[in-house]
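Chains as they are written, first to last, in our numbering: chain A, 12 to 409; chain B, 12 to 409; chain C, 12 to 409.
Even for Gly, the Cβ is constructed at its ideal location relative to N, Cα and C.
Quick caveat, the model's predicted, so the values are computed rather than measured.
The structure under discussion appears below in the form of structure tokens.
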Amino acid sequence: MDRIGIKEKIKSLSRLRTEDMYLNDFFHTWKKSDQEIKAVFEVADILRGMRNNNISTRLFDSGLGISLFRDNSTRTRFSYASACNMLGLEVQDLDEGKSQVAHGETVRETANMISFMADVIGIRDDMYIGKGHTYMKEVAASVQAGYDAGILEQRPTLVNLQCDIDHPTQSMADALHLINHFGGIENLKGKKIAMTWAYSPSYGKPLSVPQGIMGLMSRFGMAVTLAHPEGYEVMPEVEKIAEINSAKSGGTFSKTNSMAEAFKDADIVYPKSWAPFKAMEKRTGLYGKGDFDGIDKLEKELLGQNADHKDWECTEELMNSTKEGKALYMHCLPADITDVSCEKGEVAASVFDRYRDPLYKQASFKPYIIAAMIFLSKVKNPADRLDTILNANLPRIV
Amino acid sequence: MDRIGIKEKIKSLSRLRTEDMYLNDFFHTWKKSDQEIKAVFEVADILRGMRNNNISTRLFDSGLGISLFRDNSTRTRFSYASACNMLGLEVQDLDEGKSQVAHGETVRETANMISFMADVIGIRDDMYIGKGHTYMKEVAASVQAGYDAGILEQRPTLVNLQCDIDHPTQSMADALHLINHFGGIENLKGKKIAMTWAYSPSYGKPLSVPQGIMGLMSRFGMAVTLAHPEGYEVMPEVEKIAEINSAKSGGTFSKTNSMAEAFKDADIVYPKSWAPFKAMEKRTGLYGKGDFDGIDKLEKELLGQNADHKDWECTEELMNSTKEGKALYMHCLPADITDVSCEKGEVAASVFDRYRDPLYKQASFKPYIIAAMIFLSKVKNPADRLDTILNANLPRIV
Amino acid sequence: MDRIGIKEKIKSLSRLRTEDMYLNDFFHTWKKSDQEIKAVFEVADILRGMRNNNISTRLFDSGLGISLFRDNSTRTRFSYASACNMLGLEVQDLDEGKSQVAHGETVRETANMISFMADVIGIRDDMYIGKGHTYMKEVAASVQAGYDAGILEQRPTLVNLQCDIDHPTQSMADALHLINHFGGIENLKGKKIAMTWAYSPSYGKPLSVPQGIMGLMSRFGMAVTLAHPEGYEVMPEVEKIAEINSAKSGGTFSKTNSMAEAFKDADIVYPKSWAPFKAMEKRTGLYGKGDFDGIDKLEKELLGQNADHKDWECTEELMNSTKEGKALYMHCLPADITDVSCEKGEVAASVFDRYRDPLYKQASFKPYIIAAMIFLSKVKNPADRLDTILNANLPRIV
Numbered sequence: 012m013d014r015i016g017i018k019e020k021i022k023s024l025s026r027l028r029t030e031d032m033y034l035n036d037f038f039h040t041w042k043k044s045d046q047e048i049k050a051v052f053e054v055a056d057i058l059r060g061m062r063n064n065n066i067s068t069r070l071f072d073s074g075l076g077i078s079l080f081r082d083n084s085t086r087t088r089f090s091y092a093s094a095c096n097m098l099g100l101e102v103q104d105l106d107e108g109k110s111q112v113a114h115g116e117t118v119r120e121t122a123n124m125i126s127f128m129a130d131v132i133g134i135r136d137d138m139y140i141g142k143g144h145t146y147m148k149e150v151a152a153s154v155q156a157g158y159d160a161g162i163l164e165q166r167p168t169l170v171n172l173q174c175d176i177d178h179p180t181q182s183m184a185d186a187l188h189l190i191n192h193f194g195g196i197e198n199l200k201g202k203k204i205a206m207t208w209a210y211s212p213s214y215g216k217p218l219s220v221p222q223g224i225m226g227l228m229s230r231f232g233m234a235v236t237l238a239h240p241e242g243y244e245v246m247p248e249v250e251k252i253a254e255i256n257s258a259k260s261g262g263t264f265s266k267t268n269s270m271a272e273a274f275k276d277a278d279i280v281y282p283k284s285w286a287p288f289k290a291m292e293k294r295t296g297l298y299g300k301g302d303f304d305g306i307d308k309l310e311k312e313l314l315g316q317n318a319d320h321k322d323w324e325c326t327e328e329l330m331n332s333t334k335e336g337k338a339l340y341m342h343c344l345p346a347d348i349t350d351v352s353c354e355k356g357e358v359a360a361s362v363f364d365r366y367r368d369p370l371y372k373q374a375s376f377k378p379y380i381i382a383a384m385i386f387l388s389k390v391k392n393p394a395d396r397l398d399t400i401l402n403a404n405l406p407r408i409v
Numbered sequence: 012m013d014r015i016g017i018k019e020k021i022k023s024l025s026r027l028r029t030e031d032m033y034l035n036d037f038f039h040t041w042k043k044s045d046q047e048i049k050a051v052f053e054v055a056d057i058l059r060g061m062r063n064n065n066i067s068t069r070l071f072d073s074g075l076g077i078s079l080f081r082d083n084s085t086r087t088r089f090s091y092a093s094a095c096n097m098l099g100l101e102v103q104d105l106d107e108g109k110s111q112v113a114h115g116e117t118v119r120e121t122a123n124m125i126s127f128m129a130d131v132i133g134i135r136d137d138m139y140i141g142k143g144h145t146y147m148k149e150v151a152a153s154v155q156a157g158y159d160a161g162i163l164e165q166r167p168t169l170v171n172l173q174c175d176i177d178h179p180t181q182s183m184a185d186a187l188h189l190i191n192h193f194g195g196i197e198n199l200k201g202k203k204i205a206m207t208w209a210y211s212p213s214y215g216k217p218l219s220v221p222q223g224i225m226g227l228m229s230r231f232g233m234a235v236t237l238a239h240p241e242g243y244e245v246m247p248e249v250e251k252i253a254e255i256n257s258a259k260s261g262g263t264f265s266k267t268n269s270m271a272e273a274f275k276d277a278d279i280v281y282p283k284s285w286a287p288f289k290a291m292e293k294r295t296g297l298y299g300k301g302d303f304d305g306i307d308k309l310e311k312e313l314l315g316q317n318a319d320h321k322d323w324e325c326t327e328e329l330m331n332s333t334k335e336g337k338a339l340y341m342h343c344l345p346a347d348i349t350d351v352s353c354e355k356g357e358v359a360a361s362v363f364d365r366y367r368d369p370l371y372k373q374a375s376f377k378p379y380i381i382a383a384m385i386f387l388s389k390v391k392n393p394a395d396r397l398d399t400i401l402n403a404n405l406p407r408i409v
Numbered sequence: 012m013d014r015i016g017i018k019e020k021i022k023s024l025s026r027l028r029t030e031d032m033y034l035n036d037f038f039h040t041w042k043k044s045d046q047e048i049k050a051v052f053e054v055a056d057i058l059r060g061m062r063n064n065n066i067s068t069r070l071f072d073s074g075l076g077i078s079l080f081r082d083n084s085t086r087t088r089f090s091y092a093s094a095c096n097m098l099g100l101e102v103q104d105l106d107e108g109k110s111q112v113a114h115g116e117t118v119r120e121t122a123n124m125i126s127f128m129a130d131v132i133g134i135r136d137d138m139y140i141g142k143g144h145t146y147m148k149e150v151a152a153s154v155q156a157g158y159d160a161g162i163l164e165q166r167p168t169l170v171n172l173q174c175d176i177d178h179p180t181q182s183m184a185d186a187l188h189l190i191n192h193f194g195g196i197e198n199l200k201g202k203k204i205a206m207t208w209a210y211s212p213s214y215g216k217p218l219s220v221p222q223g224i225m226g227l228m229s230r231f232g233m234a235v236t237l238a239h240p241e242g243y244e245v246m247p248e249v250e251k252i253a254e255i256n257s258a259k260s261g262g263t264f265s266k267t268n269s270m271a272e273a274f275k276d277a278d279i280v281y282p283k284s285w286a287p288f289k290a291m292e293k294r295t296g297l298y299g300k301g302d303f304d305g306i307d308k309l310e311k312e313l314l315g316q317n318a319d320h321k322d323w324e325c326t327e328e329l330m331n332s333t334k335e336g337k338a339l340y341m342h343c344l345p346a347d348i349t350d351v352s353c354e355k356g357e358v359a360a361s362v363f364d365r366y367r368d369p370l371y372k373q374a375s376f377k378p379y380i381i382a383a384m385i386f387l388s389k390v391k392n393p394a395d396r397l398d399t400i401l402n403a404n405l406p407r408i409v
């Protein structure tokens, strides 16, 4: 994309309503309007275009981007750090450890104490059903109260870097990859995407990826198929959202317990392991009671249940059954690759190998998506501001 | 504060002598002149004013701010990071662990090795009486020698982020909060501040907060009352400093073993747990001998002694006895709140609740105080330089 | 150095061929041409000169410098952070822990996932013979493939911050120290440098320092003497490189099993402990088989072997035997100092004491050497670019 392309994108952005994003948080894609979703894509493209033309994308001369991760994370950490850096924010990690003990007074106080110079807070908290999103809301309410009381001189906005319900930076990056791959958001209409469960030897992978994909892709008029073995149901609320979205967008949302059915004639396949929602709910309950023996027992049961479905693997045979045998294979990475990272996994090595470049490309959109979410939450007139930045034409590398 | 207000503050700053702060460290408030203390407040206000007017406060285009914490710290870490970021310095943490084993050659060498690009070093080392300040002096002497020998191309200055004796960034932030609350430094004259011990179920909290408060507030003509149960004496040297300061400033410094007496008609109350100085001295001795059984025994004794004073709590009743029942409640946070963070603590939940916003506001001054200390140690003519920065009028957010 | 001096250095740089450094990695000094080595020294001097004249050395407005350390490191970490900061890059640490388990798919994927906004990756991986360099090559190949496939929008270049074979940032900083000490690279011709083994109570120190020194200093026409007790041989490949270099540069490369012989009439002495290459090779094999008992046994053997050579110490007597008794003493730090850091070590306390300032000065070149390596890998016409930066004349401190 050259400067003229960027200019056009800015013009297109100027037609979208984004006022409600200003000083607001990004929790779930389905809480955002179609125009807001589109604005994120546009800003991400514009920022990428500017960076590729060696134009500085800094919005901030100084300021902090706080990161708060409940578990280890390399990819998300670097995506967030990249997004902050690109905009001129310095990342400061708040390392609270893996425990989820902070509540009430502590959350309120800590949220304010770290935010005196914070422009944005990125949180990843996906480990317990019913917890992550709740925690993020608590942090957001705390800094809002601090801002309203004149304690915080700016309202740090929140970006959900993965919660127990949605994974918006992943699904939005995935969608932008699709938009690029198929040559426009309008070309997604009618495309069949198979969001399917796949076998992994590990246990307890979050539901936020399949839920995020269903919740978002159903907005573009796509034929969204959710496939999983019986017992691997996702949250009913999110299924409902996908149904409503599909109805509105002129797409379809269907469910099946057959991987083959999902793959049949699919334009896009997204095979990935996750844990059953009901089991994860139970696990949260056990955790709350401190019943670690119960958790161990549950884990064993789930691993046993898992082992019954080793045939849920994205094989060459299945790939052959997709549209012209050439469906786009997607994954949020890292994937469990048969004979590479494990004996039996989500995907055959030869399939993964063939799609490595597109998979990495898919991941490359995430820093820009995060930067766009931050940008839109900190700027009232994003099109004007991007125009100013573009015209200033400061080089990223001197 | 608008630009005109900032201009006036800069003019007021220009009348203060700050030459001795240039390339110098900030260890204890009582080592600084009245004009120097005032200059820190002015610069803090100016930086805050500029940031609120979206004016970049960067003094540095690049450079490092080293942080060295002997124990875990969220608040101080973020305050220091905020201060560095605001001025354009990138924070690099030197994680030496909790042990205090480094001496002599190692300190000298490490101090120089980390300082080739360091403009400032912030140290928190408050765990052992007789150790923290001594260590900071050793680091300062090491980098001074390196600078004098032409090894370091700039003299990194030190900011004491809490030592065993003083906590200047806390007490100065507290004072700036009072100045704002009472509408001017001159209005502190005659105000009664009760720095009192309070019960906490934990053990060994540092003396640097009460000592810092006594050592600083006694300079403003205030009626400083130090209250604690018998046996909870602070360092006699700091009591002497408070006496001398009070005599000079036209204030008073008094001591009592009654919390009620201290609260009576107070304008400001600061109830907080700390450990007895004598016991902490003994602990350092045991630590030096590696007598960990002795330390355990001492801890048990102190917890026992503590438990005798559960009635030292900041209750509604005590608050009612203050000036018009409306004394300003202060705390360095986090506080031990009865029925919230513990069964019996330093303050009643209803009192804490009522003062939450002022407490957070109090904390909000710390990043600016630290930034002001750094600024004054790196710039010979701070008023001129701030004028230049103000006139450059670069936006913090584009 | 004033602006005129800097201008001259830039002119001198403009005559050197550095095209092959552009978008390329820095693994071993002996893979670089003489002009490229010289260019690193020139750029380091220029950057140091600019910083000393308070001229901003930023090449980047934003961007990340990734660091990846296999073991704890304070000095290298801060040198790298300083170099990145000086050029405008923000450091992000990738903490992979001390284990060396990542291979193939994982390395390829991780290298790309962290590099979307990365301009440079600094790696220190010196723990296992046959591993560090191999790993770095794997990372470099991964990001090259990502760049070629259009996944990475810039090619992050690698800087070897110490591998199992070479330690180029150390040896180059050491050489720049010598150039400064002796008043020019041409004055190194004919100087005798004794790279000698010395006793340390610890075990398994890397070979990369002696190998790096031999491999580099042999290029300047110096008389390089390698001294060690029998059994402490280094990698034969690197001895070969030193021989070839010496023949080309008009110097000599000799070996001896006598510390006294090496010190005799030396202009420079570099006494330092290292582990025998053969033993380290064996250790890698045991590690590969997970034979930790074998590793323990080997360690005991090596410590026993070590203890036979406690007389390999840099004493005053040995120093007296050097050229006019005034050889320049060098060490990469930290040194094992007899009676200071251990009972019996690499160097006598009085020798170390006398050379402390030159030792610290020696270390001070490393951040600039690293910055120069980065600069030359990111800029096609370094002389032009430095001229632009110099003429822009932006202040480092406002």
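**Asked** CA-CA distance, Lys-337 (chain B) and Asn-191 (chain B)?
**Response** 17 Å
**Prompt:** Whose CA, out of A:Pro-179, A:Lys-142 and A:Lys-216, lies closest to the CA of Lys-410 (chain A)?
**Reply:** Nothing in the structure corresponds to residue 410 (chain A), since chain A is present only between 12 and 409.
**Message:** I'd like the ranges of any beta strand (DSSP E) spanning at least 3 consecutive residues and lying wholly in the stretch 107-150 of chain B.
**Reply:** 129-135
**Message:** Applying the 10 Å Cβ sphere with the 16-neighbour rule, what's the burial state of Thr-121 (chain A)?
**Reply:** buried
**Message:** Between which residues of its own chain and Pro-282 (chain B) is the CB-CB distance below 6 Å, once the five residues before and five after are set aside?
**Reply:** Thr-207, Ala-209, Cys-325 and Glu-357
**Prompt:** Looking at the structure shown, is Tyr-366 (chain B) part of a helix, part of a strand, or coil, going by DSSP?
**Reply:** coil
**Item:** Buried or exposed by the 16-neighbour rule on C-beta atoms within 10 Å, applied to Asn-317 (chain A)
**Value:** buried
**Asked** What is the DSSP secondary structure of Met-233 (chain C), counted as helix, strand or coil?
**Response** Here Met-233 (chain C) carries a coil assignment [DSSP, helix/strand/coil].
**Asked** Expressed to the nearest angstrom, what Euclidean distance is found between the alpha-carbon atoms of Arg-88 (chain C) and Tyr-298 (chain A)?
**Response** 39 Å
**Item:** Pairwise C-alpha distance: Leu-199 (chain A) and His-39 (chain A)
**Value:** Cα to Cα, the separation comes out at about 21 Å.
**Message:** Considering only the alpha carbon of each residue, which of A:Arg-14, A:Leu-163, A:Thr-145 and A:Tyr-146 lies closest to Arg-59 (chain A)?
**Reply:** A:Arg-14
**Message:** I want to verify the contact list: residues of chain C whose CB lies under 8 Å from the CB of Lys-49 (chain A), in sequence order.
**Reply:** Chain C residues near Lys-49 (chain A): none, gap ~23 Å exceeds 8 Å.
**Message:** Once DSSP output is grouped into helix, strand and coil, what is the label at Ser-265 (chain B)?
**Reply:** strand
**Interface flag, Asp-72 (chain C) vs chain A, CB-CB below 8 Å** = Look at Asp-72 (chain C): its C-beta is under 8 Å from a C-beta on chain A.
**Item:** Stretch pair the stretch 306-321 of chain C + the stretch 256-266 of chain C: three plus CB contacts closer than 8 Å
**Value:** no
**Asked** Cβ of Leu-169 (chain C) within 8 Å of Cβ of Ala-151 (chain C)?
**Response** Yes, the pair counts as a contact, with Cβ atoms nearer than the cut-off.
**Counterpart residues of Ile-48 (chain A) in DSSP-defined beta bridges** = Answer is none; Ile-48 (chain A) lacks a bridge partner.
**Reduced DSSP category for Met-270 (chain B) - H, G, I as helix; E, B as strand; rest coil** = helix
**Prompt:** Count the other CB atoms within 10 Å of the CB of Leu-370 (chain B); is the residue buried (16 or more) or exposed (fewer)?
**Reply:** buried
**Message:** Once DSSP output is grouped into helix, strand and coil, what is the label at Glu-164 (chain B)?
**Reply:** Coil at Glu-164 (chain B), not helix or strand.
**Prompt:** Helix, strand or coil: how does DSSP classify Met-12 (chain C) here?
**Reply:** Met-12 (chain C) falls in the coil class under three-state DSSP.
**Request:** Starting from the Cα of Ile-140 (chain A), find the closest Cα among A:Ile-176, A:Glu-47, A:Gly-115 and A:Glu-248 and give me that residue.
**Result:** A:Ile-176
**Asked** Bridge partners of Gln-103 (chain B), per DSSP?
**Response** B:Ile-77
**Prompt:** Since Gly-157 (chain C) meets chain B, which of its residues come closer than 7 Å, beta carbon to beta carbon?
**Reply:** Near Gly-157 (chain C) there are no residues of chain B at all, since even the closest Cβ is about 27 Å away, more than 7 Å.
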